[in-house]
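Enquirer: One gets the numbering used here by counting positions in the sequence shown from 1 and adding 422 to each.
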Amino acid sequence: MKQVDSTLRAAVLVSGGGTNLQAIIDSQKRGDLKIQLAVVLSDKPQAYGLVRAQQAGIDSVCVLPADHADRDAYDGAVLRHLDRYRPDLVLLAGFMRILTPSFVTRYLGRLLNIHPSLLPKYAGLHTHRRALEAGERWHGSTVHYVTEVLDGGPRIIQGRVPVLPDDDVDRLARRVLAVEHRIYPEAIRLISEGRVHYADAAAWLDGSRLDEPLQFESGS
Ligand code: GRF
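(1) Cβ of Ile-447 within 6 Å of any heavy atom in the ligand GRF?
(2) Thr-564 bridges to which residues according to DSSP?
(3) Could you tell me the distance, in whole angstroms, from the CA atom of Thr-441 to the CA atom of Ala-595?
(4) Spell out a yes or no on whether the segment 534-542 and the segment 448-464 are touching, meaning 3 or more CB-CB pairs, one atom from each, closer than 8 Å.
(5) Okay, do the segment 621-639 and the segment 578-594 touch, 3+ Cβ pairs below 8 Å being the bar?
(6) Could you pull the DSSP bridge partners for Tyr-620 from this structure?
(7) Using CA coordinates, which residue listed in Ala-499, Arg-611, Arg-532 is at the minimum distance from Arg-452?
(8) Who are Ala-433's beta bridge partners in DSSP?
(9) Thr-609 and Val-565 look like a contact to me (Cβ under 8 Å); what is the Cβ gap, rounded to whole Å?
(10) Within the present structure, is the beta-carbon of Val-433 separated from the nearest heavy atom of the ligand GRF by less than 6 Å?
(11) Reducing DSSP to helix, strand and coil, say where Asp-589 ends up.
(12) Taking the alpha-carbon of Asp-622 as reference, which of Glu-615, Tyr-529, Pro-576 has the nearest alpha-carbon?
(13) Determine the direct distance from the alpha carbon of Ile-446 to that of Lys-543, and round the result to whole angstroms.
(14) Mark Thr-569 as exposed unless 16 or more other C-beta atoms lie within 10 angstroms of its C-beta, in which case mark it buried.
(15) By DSSP's criteria, Gln-444 is part of a beta bridge. Which residues make up the other side?
(16) Measure the alpha-carbon distance for Leu-599 versus Asp-505 and round it to whole angstroms.
(17) Helix, strand or coil for Gln-468? Go by DSSP, reduced to three states.
(18) Give the range of the alpha helix (DSSP H) segment to which Asp-494 is assigned.
(19) Tell me whether Gln-515, by its Cβ, gets closer than 6 Å to a heavy atom of the ligand GRF.
(20) Give every residue of the same chain whose Cβ lies closer than 7 Å to the Cβ of Leu-501, excluding the five residues on either side of it in the sequence, and list them in chain order.
(21) Can you tell me where the alpha helix (DSSP H) holding Ser-524 begins and where it ends?
(22) Of the choices Asp-628, Ile-613, Pro-587, Gly-439, whose alpha-carbon is the least far from that of Thr-429?
(23) What would DSSP say about Val-426, mapped onto helix, strand or coil?
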């Protein structure tokens, strides 16, 4: 998908605090990110990400799992909401549900996630605890295209942080979040400028296949 001349329309899916959403909003407001934030959708009514959307004047909607018979029905309802906004990109930003294959297929190549580990290490949950228990010296976060393989889609960019001797889960999580707030807007910027795209089950940068993700260095 090459988009150079037209402004991309993005939908953001959240379940929680929405600090990544906020980083995207801030980046757009600063003019660093030329996209249109069309809608924020949550599965949780108390998600603070919904408040952030309202404060930024972005349409927001909560779709409750309890109102739907099963995962297919739920994802179908989410797709219908998203369709109204015709998003070019669907950004998962702490959306704590696994999407059905039909959802993923529908938005394949336009669906991104941010995962708090240096994928392929630590797919799934409790990434910080697992990295600490394994004695890792480095941890971080990855922005990747979403495919049917959980946390296994083509990686675009990673941000690494050192694991410090006195780290606990909270301290490490804070350091990882700070780098997430840099790499998610950066990945979206590269896509919005037509430099990164998805094709043939891979991520591409400037016409070359990205076999390894870009590395974000603090201070860069
Ligand atoms: C982030 O750590 C992200 O990697 C993970 O969920 C967390 C969301 O944080 N998928 P926030 O809601 O953006 O603050």
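Positions of the beta carbon are idealized from the N, C-alpha and C atoms, including for glycine.
Owing to the predicted nature of the structure, the values given are computational and were not obtained by experimental measurement.
Expert: Looking at the atomic coordinates:
(1) no
(2) His-537, Gln-580
(3) 13 Å
(4) no
(5) yes
(6) Ala-625
(7) Arg-611
(8) Val-461, Val-512
(9) Reading the sequence as shown, one finds Ala at residue 609 and not Thr. That belief holds up - the Cβ atoms of Ala-609 and Val-565 are roughly 4 Å apart, short of 8 Å.
(10) The residue you asked about is not Val; residue 433 is Ala in the sequence shown. Checking every heavy atom of the ligand GRF against the Cβ of Ala-433, none is found closer than 6 Å.
(11) coil
(12) Pro-576
(13) 25 Å
(14) buried
(15) DSSP lists no partner for Gln-444.
(16) 30 Å
(17) coil
(18) 493-505
(19) The question names Gln, but residue 515 in the sequence shown is Ala. Yes; taking the cut-off as 6 Å, the Cβ of Ala-515 has a heavy atom of the ligand GRF nearer than that.
(20) Phe-525, Arg-528
(21) 523-529
(22) Ile-613
(23) Only weak support exists for where Val-426 lies, its pLDDT of 47 falling under 50; the coordinates are left without a value.
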